[in-house]
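Report on the following structure.
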Amino acid sequence: MPSHPTPDLPPALPEPSVDEFRLETVMAALADPLRLTIIRKLLLESDEYDHTCGWFGFDRPKSSLTHHFKALREAGLIRQRQYGLERRSRVRVEDLNQRFPGLLDLVTNWQPVEPVR
Numbered sequence: 173m174p175s176h177p178t179p180d181l182p183p184a185l186p187e188p189s190v191d192e193f194r195l196e197t198v199m200a201a202l203a204d205p206l207r208l209t210i211i212r213k214l215l216l217e218s219d220e221y222d223h224t225c226g227w228f229g230f231d232r233p234k235s236s237l238t239h240h241f242k243a244l245r246e247a248g249l250i251r252q253r254q255y256g257l258e259r260r261s262r263v264r265v266e267d268l269n270q271r272f273p274g275l276l277d278l279v280t281n282w283q284p285v286e287p288v289r
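The opening residue of the sequence shown carries number 173 in this note's numbering; numbering runs sequentially from there.
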């Protein structure tokens, strides 16, 4: 379900409501080290819709990154907005803390064994 419109922001892309969050779907999305890194970086370094997939600095084709961001959005982990040709993302902190308390703390404290590229 789309979020409530916010003045001066484009509408959010389709996403599940908090009631539709499923732990197995969220955990499956976070099981991929690249996706886990995306969420962690957004939590630690950004609280705005100001970063495109290029901001993350991953050495991956755009189509691959698009796939990963879509998986995160469809699991309910991020909210994305379309700005022209760019999609910008933000973690759904309040929604995730409401549905799965403590999950984002685990993600924030996670340390990758090897750098994700």
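Ideal Cβ positions, reconstructed from N, Cα and C, are used throughout, including at glycine. Since the model is a prediction, treat every value here as computed from it, not as a measurement.
For a cut-off of 8 Å, the C-beta gap from V190 to Q270 is around 6 Å, short enough to register as a contact. Per the coordinates, the alpha-carbon of L195 lies some 17 Å from the alpha-carbon of K242.
Annotation: E266 is outside any beta strand (DSSP E); the continuous alpha helix (DSSP H) that includes it extends over V265 to R271. Proximity to I211 across H240, R232 and S235 peaks at H240, based on C-alpha coordinates.
Between E187 and R251 the beta-carbon gap is near 6 Å, inside 8 Å, which marks them as a contact. Closest option to R245, judged by alpha-carbon separation, among D180, L268, E217 and S218: L268.
Sorting L257, F230, P233 and G229 by C-alpha distance to the C-alpha of P182 places L257 at the top. Inclusion of R253 and A184 in the CB contact set at 7 Å is warranted, their separation being smaller than that value.
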